[in-house]
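Using the working numbering, the first residue of the sequence shown is number 9, and each one after it goes up by one. The structure under discussion appears below in the form of structure tokens.
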Amino acid sequence: MIGEREERPWGSWEVLDEGEGFKVKRIIVEPRSRLSLQTHEHRSEQWAVVSGTATCLIDDEVVVVRPGEQTTVDAGRMHRIANAHDEVLVLIEVQMGAYCGEDDIVRLEDDYGRVAHLGTELTGGLAGETEIAAAV
Numbered sequence: 009m010i011g012e013r014e015e016r017p018w019g020s021w022e023v024l025d026e027g028e029g030f031k032v033k034r035i036i037v038e039p040r041s042r043l044s045l046q047t048h049e050h051r052s053e054q055w056a057v058v059s060g061t062a063t064c065l066i067d068d069e070v071v072v073v074r075p076g077e078q079t080t081v082d083a084g085r086m087h088r089i090a091n092a093h094d095e096v097l098v099l100i101e102v103q104m105g106a107y108c109g110e111d112d113i114v115r116l117e118d119d120y121g122r123v124a125h126l127g128t129e130l131t132g133g134l135a136g137e138t139e140i141a142a143a144v
């Protein structure tokens, strides 16, 4: 729903627009935080950085995305966004696919102990800057 907003351990997101086959979000990642390592079955995602620097892991490739730059993650690919810096990261995410619901996620690894898609508890503390940059 447009205007929907959620706080997460790593920052927050807000839905800016959505329609048949797409959703647009503004994502804020707090300094030295990262999202879970995850996959989506039904959607691809395109990330455009507005401010800050995103260090993205897409399968086994590390991609650094700066303001004005973008990258794309195809459905089914393992990915994570990290902010290894002292300033807030702001990006626009465009989701495209047959289904863009929040439950189209499989968490493979998570710094905040959130439960995986199949009910497996994930463990691990918040990584420091070196760990974020090295392991994204």
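Heads up, the beta-carbon is just placed ideally off N, CA and C, and yes, glycines get one too.
Relative to the C-alpha of residue i, which residue among the options is closest?
i: residue 61; options: 38, 20, 45; result: 38
i: residue 89; options: 73, 83, 12; result: 73
i: residue 63; options: 92, 49, 98; result: 92
i: residue 65; options: 100, 49, 82; result: 82
i: residue 24; options: 113, 114, 101; result: 101
Is the beta carbon of residue i sitting closer than 9 Å to the one on residue j?
i: residue 52; j: residue 103; result: yes
i: residue 59; j: residue 95; result: yes
i: residue 86; j: residue 54; result: no
i: residue 56; j: residue 97; result: no
Could you spell out where the beta strand (DSSP E) holding residue i opens and where it closes?
i: residue 25; result: 19-27
i: residue 59; result: 51-59
i: residue 87; result: 87-91
i: residue 43; result: Run containing residue 43: none; DSSP gives neither H nor E here.
i: residue 14; result: 13-16
Rounded to whole angstroms, what is the Cα-Cα separation between residue i and residue j?
i: residue 135; j: residue 116; result: Here the model assigns residue 135 a pLDDT of 40, short of 50, so the residue's position is not dependable, and the following value carries that caveat. Computed Cα separation, rounded: 16 Å.
i: residue 44; j: residue 118; result: 5 Å
i: residue 106; j: residue 40; result: 33 Å
i: residue 22; j: residue 12; result: 6 Å
i: residue 49; j: residue 84; result: 5 Å
i: residue 18; j: residue 26; result: 23 Å
i: residue 121; j: residue 109; result: 22 Å
i: residue 68; j: residue 80; result: 14 Å
(request) Determine, using beta-carbon pairs with one atom in the segment 30-37 and one in the segment 66-86, whether at least three such pairs fall under 8 Å. (result) no
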